[in-house]
Amino acid sequence: MEEVVIMNYDYIGSTTTVSFSSSENAESQEQRGIDVYLSTRLEEWRDCVDRRVRELLLLKQGWDGYQAEPVNMWTINFALNMLRSVCNQDTPAPSIVPGVKGDLQIEWHIGDVDLELHVIAPNNVEAWRETPDEKMDDDIALTNNFKIVEQWIEQLPELACAQETTAA
Amino acid sequence: MPKRLPLRDPQGNVIAYDDTDILDDDILIRRISSQHIVPSGQPNIQRIASMLYQPSPGPNGGMSIDIERSIVDDDLEPKTFVMTEGILGAVCFKAEELRKAGFLIGADPLPENPHHGEVWGTKKEEAVIIGKFTPGQRKKLARMARWYIEISNINLIS
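First to last, the protein sequences are chains A and B.
If you're matching positions, the first sequence starts at 54 in my numbering and goes up one per residue.
If you're matching positions, the second sequence starts at 698 in my numbering and goes up one per residue.
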């Protein structure tokens, strides 16, 4: 089998390599390359989040030097379900930061764009975003409808590109 | 420094108050855990997560601090005292600046930390102490924070 290496699926420096049979047509090769690339990106993203969740689950009482409680499993579970519903394969992996009462915060910081989702408990989320053009005075309280968060996340790559263009 | 015993609610949380034994010149220390360090969006630079400047959620929820003068009065070295397991560094605030920004500060001595205190936010419109800082309050805290024990390659302000 003749192998062909595809190196043009490059996303923030990572490269996906795919092997093809020489009898496979170009259209089929391209589609399969895209499928593998996207599932690899999603796997990397999931692995990143999974690793972080495992670290959080190991936190003990007093992890912050004061009286912080371990992160609540139900809260983690809810947060993961929320992430699955609002993120897509182009979403950068978020940072996940524990709170002191079993809560946690999911956040993205890209250039001058900040997006923070404070998951206080299942069905109790406070969402906040700041961009160069938008300064929010208060958090938005959400329960289980995250449409606005989904829209914010969709805009992340575009806002990041706009910043890079301005800076260049 | 006098050791005041604050009032507590039925859940055992200190009822927020402003402690006059904490003087305006007093330094209040906030420990930074490794959990509070996140990517900044800039290459090779990390930042402090805003969760460092969040109180405990719920009524009377406050942001934990250590009262420097209380530690010194016990003949302890503050920079050694606050560097417990998992702590990478610390920031500090001046009591006067916190009060001017509308926060309340009170001692909340604990068996394991007699120098513990809390910072509470107030929502002016409601004049009710709530366990939450608004985005504006979080930003104010981030701007007021100064390094007490610096962590290299970390942005204090985003």
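Each residue gets a CB set at the ideal place from its N, CA and C atoms; glycine is no exception.
Separation of residue j from residue i, as counted between CA atoms
i, j, result
"P832(B)", "M189(A)", "8 Å"
"K836(B)", "H733(B)", "16 Å"
"A842(B)", "A792(B)", "11 Å"
"D192(A)", "A180(A)", "5 Å"
"P210(A)", "Q739(B)", "15 Å"
"I745(B)", "F790(B)", "15 Å"
"N197(A)", "P808(B)", "40 Å"
"V202(A)", "N78(A)", "40 Å"
"D156(A)", "I206(A)", "21 Å"
"A798(B)", "A132(A)", "33 Å"
"I712(B)", "S761(B)", "14 Å"
"D715(B)", "N850(B)", "35 Å"
"Q208(A)", "L136(A)", "15 Å"
"E794(B)", "Q142(A)", "44 Å"
"P736(B)", "S747(B)", "12 Å"
"R99(A)", "G759(B)", "34 Å"
Closest by C-alpha distance to residue i, when choosing among the options
i, options, result
"P806(B)", "W181(A), Q120(A) and S81(A)", "Q120(A)"
"L801(B)", "I719(B), P707(B) and R727(B)", "I719(B)"
"T781(B)", "Y750(B), S731(B), S753(B) and G803(B)", "S731(B)"
"L773(B)", "S849(B), F830(B), G814(B) and N810(B)", "N810(B)"
"P756(B)", "D770(B), G709(B) and L838(B)", "G709(B)"
"M698(B)", "Q751(B), A746(B) and G814(B)", "G814(B)"
"S767(B)", "K776(B), G759(B) and I712(B)", "K776(B)"
"P147(A)", "W127(A), N177(A), H171(A) and I201(A)", "H171(A)"
"F830(B)", "A839(B), G818(B) and R840(B)", "G818(B)"
"R796(B)", "G758(B), E847(B), N852(B) and T717(B)", "T717(B)"
"R727(B)", "N741(B), A839(B), I851(B) and A713(B)", "A839(B)"
"H162(A)", "I742(B), I729(B) and G799(B)", "I742(B)"
"I848(B)", "V816(B), G803(B), V788(B) and E794(B)", "V788(B)"
"R182(A)", "L136(A), I149(A) and D165(A)", "D165(A)"
"T184(A)", "A174(A), D167(A), K200(A) and V178(A)", "D167(A)"
"V779(B)", "Q751(B), I729(B) and L749(B)", "I729(B)"
"P703(B)", "D763(B), D770(B), I724(B) and A804(B)", "A804(B)"
"P175(A)", "W127(A), R99(A), L212(A) and V106(A)", "W127(A)"
"G152(A)", "D103(A), D100(A) and W116(A)", "W116(A)"
"Y750(B)", "R105(A), Q158(A) and W98(A)", "Q158(A)"
"G786(B)", "D721(B), Y845(B), G758(B) and D723(B)", "Y845(B)"
"N130(A)", "D186(A), I173(A), K200(A) and Q114(A)", "I173(A)"
Within chain B, the residues that residue i reaches when beta carbons sit closer than 9 Å
i, result
"M189(A)", "P832"
"D192(A)", "K829, T831 and P832"
Under 8 Å by beta carbon: chain A residues contacting residue i
i, result
"I719(B)", "Residues of chain A passing the Cβ test: none, with the nearest at roughly 17 Å."
"A746(B)", "S148, V150, Q158 and E160"
7 Å Cβ cut-off: residues of chain B touching residue i
i, result
"D156(A)", "P754"
"V153(A)", "S753"
Contacts of residue i in chain A (Cβ-Cβ under 9 Å)
i, result
"V779(B)", "G118"
"H813(B)", "Y119 and Q120"
"S761(B)", "D117, G118, Y119, Q120, A121 and V153"
Within-9 Å CB hit, residue i to chain C
i, result
"L838(B)", "No chain C appears in this structure, whose protein chains are A and B."
ask   = Where are the alpha helix (DSSP H) runs, 4 residues long or more, that stay fully inside the segment 719-807 of chain B, in chain order?
value = 765-770, 775-778 and 792-797
ask   = What runs of the beta strand (DSSP E), each 3 residues or longer, lie entirely inside the segment 136-188 of chain A?
value = 148-151, 157-163, 166-174 and 177-184
Interfacial residues, the segment 160-181 of chain A to chain B, with Cβ spacing under 9 Å = E160, W161, H162, I163, G164, D165, V166, D167, E169, H171, I173, A174, N177, E179 and W181
query = Which residues, in order along the segment 765-799 of chain B, keep a beta-carbon less than 9 Å from a beta-carbon of chain A?
reply = V779, M780, T781, E782, G783, I784 and A787
ask   = Closer than 7 Å, Cβ to any Cβ of chain A: which residues of the segment 720-742 of chain B, in chain order?
value = Per Cβ criterion, the list reads R728, S730, Q732, H733, V735, P736, S737 and G738.
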